[in-house]
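Numbering (our numbering), first residue to last: 1 to 306. Using N, Cα and C, we set each Cβ at its ideal position, and we do this for glycine too.
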Amino acid sequence: MAFSDDTRNELARVVPAARCCRVAELSAFYDLDGMLMGNAKQYLDFTTSAPVVARKVLTLLRSLYPEISTQILVRRSRSRRTQICTVRVLQTKEAQAVYGEMKEQRYTAKGEYLRKKCCRRAYLRGAFLGHGSITNPERTYHLEFSTDHSQAAARILSTIHSFHLAAGVTQRKGSLVVYLKDGEEIVTLLNLMGAHQALLQFENVRVLKEMRNQVNRLVNCETANVDKTIKAAMAQVEDIQLIEKHIGLDELPPKLRQVAKLRLENPYASLKELGDMCVPPMSKSGINYRIRQLREKAAEIARLYQ
Ligand SMILES: [Zn+2]
1 MAFSDDTRNE
11 LARVVPAARC
21 CRVAELSAFY
31 DLDGMLMGNA
41 KQYLDFTTSA
51 PVVARKVLTL
61 LRSLYPEIST
71 QILVRRSRSR
81 RTQICTVRVL
91 QTKEAQAVYG
101 EMKEQRYTAK
111 GEYLRKKCCR
121 RAYLRGAFLG
131 HGSITNPERT
141 YHLEFSTDHS
151 QAAARILSTI
161 HSFHLAAGVT
171 QRKGSLVVYL
181 KDGEEIVTLL
191 NLMGAHQALL
201 QFENVRVLKE
211 MRNQVNRLVN
221 CETANVDKTI
231 KAAMAQVEDI
241 QLIEKHIGLD
251 ELPPKLRQVA
261 KLRLENPYAS
271 LKELGDMCVP
281 PMSKSGINYR
291 IRQLREKAAE
301 IARLYQ
């Protein structure tokens, strides 16, 4: 998960300049892990198991609403393996104001979520910080957001689609997983979220992988060709040896005899090279014609003697 953690840590340090985007990013945290709490809904809580995410939420809250009071609550998860951090906005009025502003920014008149592009980028960054992960590109290309909230999953999906990226959605152990599988599209998304270091790292791996694949393809292709040439030459040598054994090369017409001898002496020469060795030189198709004659003669012998 090192690559994923690096990406998360990088995104945790990105704080958007525009106020609208900070609200949008905070609203992603709210959608995924936020709740109005208390009998009178007097608290606004953001809960996360990642301390860097808690710090990011706190940074956003303080920069947006310097006057509010916050509290950090830390407890062990039920499995006791991880810590759960809650960032709590304390006073009722303030909590409602923050909540209200996040809600207000959401829908356009057309019912679209988050009207501005800059805010949609910030929203995806927040969603990734809260519930995203990315596989090390050395293994495979995969970036995903996983959540139990179907509404949040739908928002993430439509926000990604708004950038013309082909995200898919699937279910895993009761959670909804919004994912991208295409290397190029993952790069675009990393760029949109502002994970430039991760993007460079991802691209480096991708370029190397592509080159390796290409080299492998070339090597395979070349090996196949070389194999074919060698196999053909070996078959020709066998034909000629069969003729030599049963009737002797001297019994062949002069041109055929010359080609047969040259092939025996130069088993790996190409047809063109053989042609150049002939006196007088012979064209490639001339050589080919003689090779065929030799093959027919050998086949004839094989029928007679074997
Ligand atoms: Zn914005």
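Ligand 1 has no heavy atom closer than 6 Å to the beta-carbon of K56.
As DSSP reads the structure, Q83 sits in a beta bridge with R76. Non-local C-beta neighbours of A166 in its own chain, meaning closer than 6 Å and more than five positions away in sequence, are absent.
Contact holds between the stretch 165-182 and the stretch 140-149, because three or more Cβ pairs, one in each stretch, are under 8 Å apart. Cβ neighbours of L124 within its own chain (closer than 8 Å, five residues either side excluded): A28, I156, T159, I160, L189, L192 and M193. Taken in chain order, the unbroken stretches of beta strand (DSSP E) that lie wholly in the stretch 100-144 and span 3 residues or more are 132-134. Excluding residues up to 5 positions away in sequence, nothing lies with its Cβ nearer than 8 Å to the Cβ of E222 in the same chain. With 16 or more other CB atoms across the displayed protein chains lying within 10 angstroms of its CB, D239 is buried. Here the distance from the Cβ of C85 to the nearest heavy atom of ligand 1 is not below 6 Å. Taking each of M35, S270, P280 and K245 in turn and checking the Cα distance to P254, the smallest one comes out for P280.
In the DSSP annotation of this structure, the continuous segment of the alpha helix (DSSP H) that includes G286 starts and ends at K284 to Y305.
In the structure shown, Y43 adopts extended strand secondary structure according to DSSP, grouped into three states. Secondary structure of G174 (DSSP, three-state): coil.
Taking C-beta atoms as the reference points, L114 and A24 count as a pair closer than 7 Å. Distance from the CA of L252 to the CA of R206, rounded to the nearest whole angstrom, comes to 60 Å. Assigned with DSSP and collapsed to three states, S27 falls in helix.
Note on geometry: alpha-carbon atoms of P137 and A122 lie some 24 Å from one another. If you look at L64, you'll find it in the alpha helix (DSSP H) that goes P51 to L64. For K116, the distance from the CB to the nearest heavy atom of ligand 1 is below 6 Å. Annotation: the continuous beta strand (DSSP E) that includes L36 extends over G34 to M37. The closest heavy atom of ligand 1 lies less than 6 Å from the beta carbon of A18. Pairing M234 with L199, the inter-Cα distance amounts to about 52 Å. Shown here, S270 sits in coil according to DSSP, grouped into three states, outside any helix or strand.
Under the three-state reduction of DSSP output, L165 falls in the coil class, being neither helix nor strand. A direct Cα-Cα distance of roughly 14 Å separates G34 from L60. About 5 Å separates the beta carbon of L64 from that of R22, a gap short enough to meet the 8 Å contact definition. Note that the C-beta distance between A12 and V52 is below 7 Å.
The residues A195, Q197 and A198, in chain order, have a CB closer than 7 Å to that of E10 in the same chain once the five nearest residues on each side in sequence are set aside. The DSSP-derived three-state label of V89 is strand.
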